[in-house]
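Undergrad: Okay, handing you the structure first.
Residue numbers (the UniProt record's numbering): 1 to 78.
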């Protein structure tokens with residue numbers, strides 16, 4: 001039940017205004033990267049920076065993105 005509740009909670013609900021939080025998305029939710037991006041874009045977020053690289057320990061590739069949403073762009077649900 002908790003897992004189902006997490007999947008229906010908007011991604012941005014865990015981020016307070018004026019805060020920066022860094023975490024691995026796939027550790028918390030079972031959505032594809034495309035589904036995550038679509039939800040963020042639908043909530044008026046934009047990508048302001050991105051980077052990628054390879055972990056030397058595990059030789060796995062990773063990507064990091066910084067999303068931002070302007071206070072004036074915030075669309076509230078009716």
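Ideal Cβ placement from N, Cα and C applies to all residues, glycine included. The model shown is predicted, which means the values in this text are computed figures rather than measured ones.
1) Once you ignore the five residues that flank residue 63 on each side, which residues in its own chain have a CB closer than 6 Å to its CB?
2) Write down the C-beta distance between residue 66 and residue 49 rounded to the nearest angstrom, noting that I regard them as a contact closer than 8 Å.
3) Between residue 33 and residue 69, which are expected to be in contact by the criterion C-beta below 8 Å, what is the C-beta distance as a whole number of angstroms?
4) So what does residue 50 bridge to, in DSSP terms?
5) Name the residue from 39, 22 and 46 whose alpha carbon lies nearest to the alpha carbon of residue 71.
TA: The answer reads as follows:
1) In chain order, 52 place their CB closer than 6 Å to the CB of residue 63, counting only its own chain and leaving out the 5 sequence neighbours on each side.
2) 4 Å
3) At roughly 19 Å, the Cβ-Cβ gap does not stay under 8 Å, so residue 33 and residue 69 are not in contact.
4) 65
5) Per the C-alpha coordinates, the member of 39, 22 and 46 positioned closest to residue 71 is 46.
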